[in-house]
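Start counting the sequence shown at 7; every next residue gets the next number (the numbering used here). All C-beta atoms in this analysis are idealised placements derived from N, C-alpha and C, irrespective of residue type, glycine included. Remarks on the structure that follows.
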Amino acid sequence: MSAIVRNGWEIYFHRNLFGQQRRQLKEQVRQLKANLPHEEFVKHPTVKLLAAVMAGIKEKIVLDPFAAQFSLKGALRHYGRLKGMGLSDRYRLFFRAFEAEDRKVLIVLWLGFPRKEGDRNDCYEVFSRMVRNGDFPENLEQLLSEADGI
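What follows is the structure, encoded as structure tokens:
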């Protein structure tokens with residue numbers, strides 16, 4: 007498993023969650039590119055979403071995954087999320103960062119949608135349930151065993 011490295015951070019994707027979402031988005035974008043005129047393709051929401059997500063990962067989060075703008079509170083305090091910064095207001099990109107003296111690792115976990123505050127299916131509620139259910143190991147090595155490189 008090879009990672010892409012940006013700003014000293016090794017970047018991985020959770021295989022069964024964000025990795026799958028990314029593969030589906032990439033396939034949708036490939037199909038759109040094959041079937042739409044260029045002018046429509048570049049304006050399509052799915053194309054913009056994939057571009058915003060990847061720019062957020064490779065250019066924004068890696069500047070400082072522990073920055074206040076990414077931090078979550080309470081039971082989710084060990085996790086971060088990207089909101090805004092090119093993403094539609096309804097999306098949140100959840101991740102976990104680990105920093106040691108010799109290694110910095112960023113694992114992108116899940117792209118949450120929709121954002122409907124107070125709804126049982128609100129992405130924060132769904133992500134909180136995933137954390138409570140133990141979907142993400144606390145240990146870096148165990149979490150990496152569930153991850154893919156870019």
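Burial state of residue i (16 or more Cβ within 10 Å)
i           : result
residue 163 : Nothing about residue 163 can be reported from this structure: the residues present for the chain run from 7 to 156 only.
Euclidean distance between Cα positions of residue i and residue j
i           : j           : result
residue 63  : residue 138 : 25 Å
residue 126 : residue 80  : 18 Å
residue 108 : residue 135 : 32 Å
residue 51  : residue 105 : 34 Å
heavy atom of the ligand SAH below 7 Å from residue i C-beta
i          : result
residue 19 : With respect to the ligand SAH, the structure offers nothing, as it holds no ligand at all.
Beta-carbon separation (whole angstroms), residue i vs residue j, contact threshold 8 Å
i           : j           : result
residue 84  : residue 96  : Actually they do not touch by this definition, with Cβ atoms about 24 Å apart.
residue 68  : residue 93  : Not really, about 16 Å apart at Cβ, beyond 8 Å.
residue 146 : residue 111 : 6 Å
Reduced DSSP category for residue i - H, G, I as helix; E, B as strand; rest coil
i          : result
residue 36 : helix
residue 77 : strand
residue 62 : helix
Identified DSSP bridge partners for residue i
i           : result
residue 102 : 113
residue 20  : 153
residue 10  : 17
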